[in-house]
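Undergrad:
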């Protein structure tokens, strides 16, 4: 099946001069939900990689908006006020920093230190990263994994930065130690419970292996991703752990309220597994995970809306959500960018070449009268040589009966 074209319409609809608004009522931004660091961090990752497709005033403005939001939300200790009301009032930070919030901010700031188009943006992102980096020491597996991904990008921008390299190693080693301590033959995981964003944990260790070639990282990354595959695939389609009831040892998995960010984390994890090992099966699993957005799921319902370019917020027990908020839409865009990075000459897809996470394309503002406004469509194009990737047979995904 063809990959959808990369369009930023709904992301731009949710974005104002402050940042990306958290939630939507149907497709209309719900201003009462305000803003959060988690969503603006992920939106910054999308904007950076969209800008890698082709430089434009639109994507540059989005980068500035999201980076500025993070700068305003960071306090002197390096922690972040995760929530802001629509009236631009920051909520007080918790007594201890939110690990997810800091981890996602480090991911975005690490990417910005490497990919932001202006030197001033890269310098600001680097300074903010330095200010928050040490907060990740002692994080649990999810916050540590997000931080590792950000540290990997930061170290590509600053290859001689010894403090960052030391934090990177400490976090990666702690993940391996935790896996070896918590896992059993039947439960190959870092924790007694599978919760959310699970693919980010093996993803972080594939990053660690790519940077260091330490076989321990590859061993745990592979074992934990194989475990997720056994839990999350039903026949040939993805059936995610639902967030209505987490999946613990010896308990039956809930599939109610499957979330887009979980599908995206698996797309990224299988992508990194393929890049680390060249195993064609990882490429096929990556595509199966992406096709969850297009209807290859337990309900046979698409979550991506080709009309709005937004993504529905999840799969309920018997229907898909009618709302298209920031987390779901951004998750879809990150997954699509990852697909464009790896897939070359796939049946029905455009040729792509490696540019961080994205392939090149043609940027077209949807409002020709205001080319600088955050309204954009990016159409896949065939510009120059495709990335060298082995061709594989990718049969159409099985769509389960409704």
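Numbering (the working numbering), first residue to last: 801 to 1202.
Where a beta carbon is used, it is the ideal one built from N, C-alpha and C, also for glycine.
1) For residue 997, which residues in the same chain have their Cβ closer than 7 Å to its Cβ, ignoring the five residues on either side in sequence?
2) Taking residue 900 as the reference, give the member of 888, 921, 982, 841 with the closest Cα.
3) Please work out which residues of its chain come closer than 8 Å, Cβ to Cβ, to residue 967, disregarding the five sequence neighbours upstream and downstream, and give them in chain order.
4) Where does residue 1132 fall in DSSP's three states?
5) Compute the distance between the beta-carbons of residue 986 and residue 1005, then report whether it is under 8 Å.
6) Where residue 945 and residue 1001 are concerned, what is the direct C-alpha to C-alpha distance, given to the nearest angstrom?
7) Counting along the chain, where does the alpha helix (DSSP H) carrying residue 1095 start and finish?
8) Using 10 angstroms around the beta-carbon of residue 1142, count the other beta-carbons present and answer buried if the total reaches 16, otherwise exposed.
9) Give the DSSP-derived three-state secondary structure of residue 866 in the structure shown.
10) Determine the direct distance from the alpha carbon of residue 1042 to that of residue 776, and round the result to whole angstroms.
11) Note down, in chain order, each residue of its chain lying with its Cβ closer than 7 Å to the Cβ of residue 940, except the 5 sequence neighbours on either side.
12) By alpha-carbon positions, which one of 1078, 837, 815, 838 ends up nearest to residue 830?
13) For my contact list, residue 1139 and residue 1090 are in at a C-beta cut-off of 8 Å; report their separation, rounded to the angstrom.
14) Mind reading off the beta-carbon distance from residue 844 to residue 867? Whole number of angstroms is fine, and I expect it under 8 Å.
15) Taking just the CA atoms, how far does residue 835 sit from residue 1070?
16) From residue 827 to residue 859, what does the alpha carbon distance come to, in whole angstroms?
17) Put residue 890 into one of helix, strand or coil per three-state DSSP.
TA: Concretely, from the data shown:
1) In its chain, beyond the 5 residues on either side, 942, 1061, 1062, 1065 have a beta carbon closer than 7 Å to the beta carbon of residue 997.
2) Taking only the C-alpha atoms, the option nearest residue 900 is 841.
3) Answer for residue 967: 933, 934, 936, 937, 947, 951, listed in chain order.
4) Per DSSP, reduced to three states, the secondary structure at residue 1132 is helical.
5) No. Outside cutoff.
6) Going from the Cα of residue 945 to the Cα of residue 1001 covers about 5 Å.
7) For residue 1095, no alpha helix (DSSP H) run applies, since DSSP gives it neither H nor E.
8) Buried, because 16 or more other Cβ atoms sit within 10 Å of the Cβ of residue 1142.
9) Secondary structure at residue 866: helix, using DSSP grouped into helix, strand and coil.
10) No answer is possible for residue 776: it lies beyond the span of the chain, which begins at 801 and ends at 1202.
11) Within the same chain, residue 940 has close Cβ partners 899.
12) Residue 830 has its Cα closest to that of 815, out of 1078, 837, 815, 838.
13) With a beta-carbon spacing of about 5 Å, residue 1139 and residue 1090 fall inside the 8 Å limit used to define contacts.
14) A Cβ-Cβ separation of about 6 Å places residue 844 in contact with residue 867 under the 8 Å criterion.
15) Going from the Cα of residue 1070 to the Cα of residue 835 covers about 30 Å.
16) Residue 827 and residue 859: Cα-Cα distance of roughly 21 Å.
17) Residue state, collapsed to three classes: strand.
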